[in-house]
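Read in order, the letters of the sequence shown are residues 2 to 132 in our numbering. C-beta: ideal position from N, C-alpha, C; glycine also. Below is one structure; the comments refer to it alone.
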Amino acid sequence: MKFARIAIFVSVLLLLSLAFHYSLYTREYGQGFTYNSVSDSLFVVGIIFFFPALVVQMGSYKVFYGFQYAVRGLFSINFRGRYRKFSDYIADKGDGFKTSLYTEVLISTAIILISAIIFGLLWDRSLWLNK
Numbered sequence: 002m003k004f005a006r007i008a009i010f011v012s013v014l015l016l017l018s019l020a021f022h023y024s025l026y027t028r029e030y031g032q033g034f035t036y037n038s039v040s041d042s043l044f045v046v047g048i049i050f051f052f053p054a055l056v057v058q059m060g061s062y063k064v065f066y067g068f069q070y071a072v073r074g075l076f077s078i079n080f081r082g083r084y085r086k087f088s089d090y091i092a093d094k095g096d097g098f099k100t101s102l103y104t105e106v107l108i109s110t111a112i113i114l115i116s117a118i119i120f121g122l123l124w125d126r127s128l129w130l131n132k
């Protein structure tokens with residue numbers, strides 16, 4: 002795991018969040034930077050990248066191997082000749098996604114989501130203090 006790559010991912014996610022904030026809140030609604038709008042922007046960008054990284058880390062993509070095998074077996078004669086059994090197909094597929102890159106993306110998006118929660122709590126606190 003490289004911490005420089007995590008820092009790069011966090012900066013890219015922050016830039017994406019800034020672009021999302023500008024396109025939605027500043028251009029469309031004419032709103033400036035508030036705790037609420039920053040929290041929403043960070044959360045949207047963070048959650049979009051968090052779940053795919055989580056799927057890869059957990060290996061949930063393997064759920065679709067059976068469906069891929071069945072569809073390819075129905076429509077491809079060459080495929081049926083190459084993979085007689087499902088276990089042959091699984092052995093040939095292997096683990097293509099086992100890299101530290103997805104761990105770093107998961108950590109980076111977790112940092113973004115935590116910061117979104119913190120900004121959301123600050124926004125909530127500012128509502129209580131202004132009463």
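C-alpha gap between residue i and residue j, whole angstroms
i: Leu17; j: Arg81; result: 44 Å
i: Glu105; j: Tyr62; result: 18 Å
i: Arg6; j: Phe44; result: 21 Å
Beta-carbon gap between residue i and residue j smaller than 9 Å
i: Ile113; j: Gly47; result: yes
i: Ser42; j: Tyr30; result: no
i: Ile91; j: Tyr66; result: yes
DSSP-derived helix/strand/coil call for residue i
i: Ser77; result: coil
i: Met2; result: coil
i: Arg85; result: coil
i: Phe50; result: helix
i: Thr35; result: coil
i: Gly67; result: helix
Integer-rounded CB distance, given that residue j should sit under 8 Å from residue i
i: Ser38; j: Gly121; result: Actually they do not touch by this definition, with Cβ atoms about 11 Å apart.
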